[in-house]
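Q: I have a structure here, written as structure tokens, and I will follow up with some questions on it.
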Amino acid sequence: MMKRTKLVYTLVLLLPFLITYESQAQRTCGTDIYHAKCMEDERFAKQFDTAQKVLHANIDFLKKSACNDPILIPVAVHFNGNIDDSDPTCLINKSFQQIEVMNADFGAYNFEIISFLELANACPDTYAAEVLSQGSCIQFYLASKNHPDCQAASDLIGGFAITVGKHSWPNASDCWSGYLNIFVENDLDHLGLAPLFGGLNPNGNGIQIAAGAFGGIGSSCTSGVPLDSNVPFHLGRTGTHEAGHYFGLRHVFEGCGNADQIEDTPDQEESNTGSPLVDFSDCISDAINSCGSQDFFFSFLDYVDDASMWIFTDDQCQVMEQTAMMGAFLSDKGSPIVRSKYQFEFVDINNNPITLPEETKIIFHVNTQTDTLSPVDLFLENSLVYPSPYIPPLQDLKISFYNDTNVTHSLSALDLLAIQKHILNIQPFTNPFQSLAADTNNSGSLSALDLLDVQKVLLAINPAFAGKASYSFYFENCSNCQILTLPAPDGSVQNIKVTVVKNGNVN
Ligand SMILES: [Zn+2]
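Okay, so the sequence shown: first residue is 547 according to the numbering used here, each after it adds one.
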């Protein structure tokens, strides 16, 4: 069975998706050539090797990285070439989106992590789940205050650290040292380029991204030239890839013999392109698979299409974090987005942990609108990060669950008997969830009508209950309400307990 491990959600909640097809080409990154050229300078080469040794010596690769306080990286974006300021909203939105994609990828809450977990589940010997990072400790934000004095305020678009036609790669001068500078240009012969380990010394340097590959969420927009229009490189992964170089990662295809200097990535001699597939029956992929091992083609540091780039490994994250920590990045340049990880616990009416019933949908309520997504695609081990590129920050976001499948599941004559005994007061229910489960016509009280309703479903006379879906979901956080206003993110892990009631089932 040949299976694309996952169709990637282009999503996204409340953001209509529209792509203008511009060009389809192979990914190209100028970092290797640039780095080789830098290394021709003996002094640079010596300093580089020393710095890299010091950095690696500071890392305990046997220890899984954990993050308490994020390393905050202020970002400035410099547009050049034919990009102009005719649509400032476009420039601002694409800058925010690019940073959001990088945050999701660096924080390991991008959708496609699910694809890797599926792969690791099906093929644990080839693709070990343990290599996946818990998310690096690096968080990016678009600088919005305390801008450098050396840049006139009138040069900045919308009050953000965004300039047009002022600075070009490789350096935005001392003025922008302490920032990660992103230089966006059109008419490049590559998608991106970064100084390897540039983050060790953020002296106004930064990464270069082609206009068509800059952004990553929602539709393309044009300010002089189209941004984010280069399918299949329109999901912002060029930024993730180049930032990876900037914080010390080499391509995963540097060669056999651990040439990328990262232990938990397999050796790889050639780059992969497109969207490789894995055959789950024998765990062999149709990637190139050089050096006698199965390639991590889904690495952010390979050359595949944006949608097929899914992960950093734990060792990669440790190198990036150490680089970011040793670099002198400025603080107090704006407001990083505060997130929370919401950890869901599902229990049955007797408070025993259960897994969420199959085909359950999660519903987002925004004002009077609702949007339905399948939790299997949203949840990573029953957790959800908010806000994220897929769930943008919203005022009073409400959620609920819905499942109207398998209505006869776990129903039996014993349930009918128990409901009857309760109605006749022979043996009243002791658990309030029993009453909720039995009130299938949703009248607010129990009567012979409910008994009849359950009986008709059990006998397949009716395909569904008169007043309720197959399952109901009650949130403990709001005294067992069925629609929860998601607690405001506060940077911590927040627990949400959900009682899953199979309606009609009182036993
Ligand atoms: Zn590269």
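Idealized CB from N, CA, C, for every residue including glycine.
Residues in its own chain within less than 6 angstroms of S766 by CB, not counting five upstream and five downstream?
A: Here residue 766 refers to the residue found at position 220 when the sequence shown is read from its first residue. Answer for S766: T566, P772, D774 and S775, listed in chain order.
Q: Within a Cβ cutoff of 7 angstroms, which residues of the same chain sit near H581, ignoring the five residues on either side of it in sequence?
A: Taking the sequence shown and counting its residues from 1, the one referred to as residue 581 is at position 35. The residues are L742.
Q: Hey, quick one: how far does the beta strand (DSSP E) through N639 stretch, first residue to last?
A: What you label residue 639 is simply residue 93 of the sequence shown in a count that begins at 1. Element bounds for N639: not the beta strand (DSSP E) but the alpha helix (DSSP H), P634 to F652.
Q: Which ranges does the alpha helix (DSSP H) cover as unbroken runs of at least 4 residues, wholly within the region 899–969, from first to last along the chain?
A: Qualifying alpha helix (DSSP H) stretches, in chain order: 921–924 and 959–969.
Q: Let me have the residue list for ligand 1: C-beta closer than 5 angstroms to any non-hydrogen atom, ordered along the chain.
A: Cβ atoms closer than 5 angstroms to ligand 1 belong to C575 and T577.
Q: Looking at V824 and P1035, is the spacing between their C-beta atoms short of 7 angstroms?
A: Counting from one through the sequence shown, the residue named residue 1035 turns up at place 489. Counting from one through the sequence shown, the residue named residue 824 turns up at place 278. No, the Cβ-Cβ distance between P1035 and V824 is not below 7 angstroms.
Q: What are the boundary residues of the beta strand (DSSP E) that V684 is part of?
A: To locate residue 684, count along the sequence shown from 1; it is residue 138. At residue 684 the sequence reads Ile, which differs from the Val that was named. Note, I684: beta strand (DSSP E), I684 to L688.
Q: What do you get for H955, buried or exposed, if any count of 16 or more other CB atoms within 10 angstroms of its CB means buried?
A: Reading the sequence shown from its first residue, position 409 is the one you call residue 955. With fewer than 16 other Cβ atoms within 10 Å, it is exposed.
Q: Can you grab the Cα-Cα spacing for the pair G724 / P620, in whole Å?
A: For this step, residue 724 is matched to residue 178 along the sequence shown. For this step, residue 620 is matched to residue 74 along the sequence shown. Each residue's Cα considered, the two are about 8 angstroms apart.
Q: Work out the CA separation of V1047 and K967 for me, nearest whole Å.
A: Counting from one through the sequence shown, the residue named residue 967 turns up at place 421. Counting from one through the sequence shown, the residue named residue 1047 turns up at place 501. Taking the straight line from one Cα to the other gives about 20 angstroms.
Q: Report the partner residues of H624 according to the DSSP bridge assignment.
A: Numbered from its first residue, the sequence shown carries residue 624 at position 78. Its beta-bridge partners are T709 and F729.
Q: For a quick check, are the C-beta atoms of L795 and L734 less than 7 angstroms apart?
A: Here residue 795 refers to the residue found at position 249 when the sequence shown is read from its first residue. Here residue 734 refers to the residue found at position 188 when the sequence shown is read from its first residue. Contact: no.
Q: Which value, in whole angstroms, describes the spacing of the CA atoms of N1053 and S836?
A: As a working note, residue 1053 is residue 507 in the sequence shown. As a working note, residue 836 is residue 290 in the sequence shown. Cα to Cα, the separation comes out at about 57 angstroms.
Q: For I619, which three-state DSSP category applies?
A: Stepping through the sequence shown from its first residue, residue 619 is reached at position 73. In this structure, I619 counts as strand in the three-state DSSP scheme.
Q: For C696, which of helix, strand or coil comes out of DSSP?
A: On the sequence shown, residue 696 is found 150 positions in, with the first residue counted as 1. Coil, per DSSP.
Q: Would you check whether ligand 2 has a heavy atom nearer than 6 angstroms to the C-beta of D774?
A: For ligand 2, the structure offers nothing, since it holds only ligand 1.
Q: Rounded to the nearest angstrom, what separates V647 and T768 at their Cα positions?
A: In the sequence shown, the residue the question calls residue 647 occupies position 101. In the sequence shown, the residue the question calls residue 768 occupies position 222. When rounded, the distance between both Cα atoms is 20 angstroms.
Q: From what residue to what residue does the beta strand (DSSP E) around P772 run?
A: By 1-based counting over the sequence shown, the position of residue 772 is 226. Run containing P772: V771 to L773, per the beta strand (DSSP E) assignment.
Q: Please classify K583 as buried or exposed, where buried requires at least 16 other C-beta atoms within 10 Å of its C-beta.
A: As a working note, residue 583 is residue 37 in the sequence shown. That one is exposed.
Q: Measure the Cβ-Cβ separation of F892 and L902 and say whether it is below 7 angstroms.
A: Translated into positions along the sequence shown, residue 892 becomes position 346. Translated into positions along the sequence shown, residue 902 becomes position 356. A contact, by the Cβ cut-off of 7 angstroms.
Q: With distances taken Cα to Cα, identify the nearest neighbour of L930 among Q1040, S714 and L665.
A: Locating residue 930 in the sequence shown gives position 384, counting from the first residue. Nearest option by C-alpha distance: Q1040.
Q: So, for L962: in the same chain, excluding its five sequence neighbours on each side, which residues have a beta-carbon less than 8 angstroms away from its beta-carbon?
A: Taking the sequence shown and counting its residues from 1, the one referred to as residue 962 is at position 416. Answer for L962: L997, V1000, Q1001 and L1004, listed in chain order.
Q: Please name the residue in N1051, P616 and A870 whose C-alpha comes closest to that of Q980.
A: As a position in the sequence shown, residue 980 is number 434, starting the count at 1. Of the listed residues, the one whose Cα sits closest to Q980 is N1051.
Q: Please classify V600 as buried or exposed, where buried requires at least 16 other C-beta atoms within 10 Å of its C-beta.
A: Residue numbering aside, residue 600 sits at position 54 when the sequence shown is read from its first letter. So V600 ends up on the exposed side.
Q: Distance check for G770 and D633, CA to CA, integer angstroms please.
A: Position 87 of the sequence shown, counted from the first residue, corresponds to residue 633. Position 224 of the sequence shown, counted from the first residue, corresponds to residue 770. The straight-line gap from Cα to Cα measures roughly 8 angstroms.
Q: Among residues of its own chain, excluding the 5 on either side of D861, which ones have a beta-carbon nearer than 6 angstroms to its beta-carbon?
A: For this step, residue 861 is matched to residue 315 along the sequence shown. F607, I808, E809 and D810.
Q: Is H624 near H713, with beta carbons less than 7 angstroms apart?
A: Counted from its first residue, the sequence shown places residue 624 at position 78. Counted from its first residue, the sequence shown places residue 713 at position 167. Cβ distance < 7 angstroms, so H624 and H713 count as in contact.
Q: Measuring straight from C-alpha to C-alpha, what distance separates A674 and V777?
A: Counted from its first residue, the sequence shown places residue 674 at position 128. Counted from its first residue, the sequence shown places residue 777 at position 231. Distance between the alpha carbons of A674 and V777: 30 angstroms.
Q: Taking the C-alpha atoms as reference points, what is the distance between I945 and E815?
A: Position 399 of the sequence shown, counted from the start, is the residue given in the question as residue 945. Position 269 of the sequence shown, counted from the start, is the residue given in the question as residue 815. Their backbone Cα atoms lie some 46 angstroms apart in a straight line.
Q: Just to confirm before moving on: does the CB-CB distance between T869 and F793 stay below 7 angstroms?
A: Here residue 869 is taken as the residue at index 323 of the sequence shown, counted from 1. Here residue 793 is taken as the residue at index 247 of the sequence shown, counted from 1. For T869 and F793, yes; Cβs fall inside 7 angstroms.
Q: Based on the DSSP secondary-structure assignment, which residues constitute the bridge partners of E891?
A: In the sequence shown, residue 891 corresponds to position 345, counting from 1. Answer is K1043, bridged to E891.
Q: Can you tell me whether DSSP reads D860 as helix, strand or coil?
A: For the purposes of this step, residue 860 is taken as residue 314 along the sequence shown, with counting starting at 1. DSSP places D860 in helix when its eight states are reduced to three.
Q: Roughly how many whole angstroms lie between the Cα atoms of G738 and T577?
A: Mapped onto the sequence shown, residue 738 falls at position 192. Mapped onto the sequence shown, residue 577 falls at position 31. Cα to Cα, G738 sits roughly 8 angstroms from T577.
Q: First and last residue of the beta strand (DSSP E) that includes Y580?
A: On the sequence shown, residue 580 is found 34 positions in, with the first residue counted as 1. Y580 -> not in any beta strand (DSSP E); alpha helix (DSSP H) instead, spanning T577 to M585.
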